[in-house]
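The structure appears below as structure tokens.
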Ligand code: ATR
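Numbering (full-length UniProt numbering), first residue to last: 27 to 321.
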């Protein structure tokens, strides 16, 4: 299996993913598998571009022969600024992860909120009926999550973040779009908020292992304390390395229903593939298993 699947026909439609670094991206494995499945003579390649060159990369994209591509960390805001038009999700989130051309103009969309919601639709039926949702973290990924939550109808979003100012900025952004349904909190309020959470979403990274620590099977300890959550609470994490994050392990220990973050990555790829290659792929267990084997 070649994650950079290319057919011999170099004339087929070409799409890319850009980021810095971009070697770790799983997107080539996803799009490569779909190209093969549909026998489309096209390709999806990694384009590592450092921040100082990303402006020029977007400016010259029209002459590159690409039909479009994906944008990942740290270029999603630069892409937002570079495009001539944006879809509604990109406008709300303030970041672009998918690019394509319309009548020669570079257009940007954001499929992260779609991917988040589609994954939960598949794995945690009824999630959008949540009254209160607690979101841990207030970074770039949390923006897409909050947009998905509020636009799909959860009543209230409580942001909990280590840095209060970032939680407030995120809440202010979405309070303009969905007035009175979002609030910001510091970490000291976490346990109290969990008591009324119907849905918990973690967007903060798993701590990295100290390279000098030689403990085998190292894992961050202790697990997050989810004892305050009600028994009906649903839990999800957008991090998928490892697949079972500390938050998900804690949910499992409590016997709560949970969904891992890999499905979000798979589902967010669907709208881009359909735009560039004109076929709508499905997210199936075979593809999921292939990615899990690589994590
Ligand atoms: P992403 O695009 O994945 O959201 P990000 O924009 O860097 O990445 O945001 C990371 C989020 O995880 C932030 O909310 C960050 O908290 P701060 O705003 O206080 O920096 C949170 N985060 C990262 N490391 C953390 C840690 N060790 N403890 C608590 N929160 C952490």
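We put the CB at the ideal spot given by N, CA and C, even for glycine.
Proximity test, residue i beta-carbon vs ligand 1 heavy atom, cut-off 7 Å
i           : result
residue 136 : no
residue 44  : no
residue 233 : yes
residue 188 : yes
residue 192 : yes
residue 195 : no
residue 165 : yes
residue 209 : no
residue 168 : yes
residue 308 : no
residue 229 : yes
Exposure of residue i, with buried meaning 16 or more beta-carbon neighbours within 10 Å
i           : result
residue 233 : exposed
residue 126 : buried
residue 59  : buried
residue 35  : Residue confidence for residue 35 is low, a pLDDT of 47 falling below 50, so the modelled location carries little weight; the figure read from the coordinates is stated next. Residue 35 comes out exposed.
residue 245 : exposed
residue 85  : exposed
residue 262 : buried
residue 189 : exposed
residue 185 : buried
residue 153 : buried
residue 43  : buried
residue 28  : With a pLDDT of only 48 at residue 28, under the threshold of 50, the placement of this residue in the model should not be trusted; the figure read from the coordinates follows. Residue 28 should be labelled exposed.
residue 259 : buried
residue 297 : buried
residue 272 : buried
residue 156 : buried
residue 164 : buried
Reference residue i; option with closest CA among the options
i           : options            : result
residue 39  : 237, 238, 225, 93  : 93
residue 187 : 177, 162, 237      : 162
residue 173 : 136, 243, 155      : 136
residue 96  : 89, 123, 217, 72   : 123
residue 200 : 141, 80, 261, 120  : 120
residue 80  : 103, 307, 318      : 103
residue 45  : 105, 88, 64, 62    : 105
residue 63  : 165, 70, 307       : 307
residue 176 : 190, 193, 152, 139 : 139
residue 277 : 251, 296, 148      : 251
residue 158 : 164, 208, 192, 111 : 208
residue 87  : 41, 203, 321       : 41
residue 183 : 224, 214, 117      : 224
residue 37  : 78, 82, 91, 57     : 91
residue 107 : 128, 89, 82        : 82
DSSP state of residue i mapped onto helix, strand, coil
i           : result
residue 167 : helix
residue 53  : helix
residue 177 : helix
residue 309 : coil
residue 92  : strand
residue 44  : strand
residue 120 : coil
residue 60  : helix
Short Cβ contact (8 Å threshold) for residue i with residue j
i           : j           : result
residue 282 : residue 255 : yes
residue 109 : residue 75  : no
residue 266 : residue 291 : yes
residue 285 : residue 146 : yes
residue 264 : residue 171 : yes
residue 131 : residue 293 : no
residue 241 : residue 168 : no
residue 305 : residue 66  : yes
residue 55  : residue 219 : no
residue 193 : residue 217 : no
residue 48  : residue 73  : yes
residue 309 : residue 289 : yes
residue 295 : residue 53  : yes
Cβ-heavy atom distance, residue i to ligand 2, below 7 Å
i           : result
residue 271 : Questions concerning ligand 2 fall outside what the structure shown contains, since the ligands it does hold are ligand 1.
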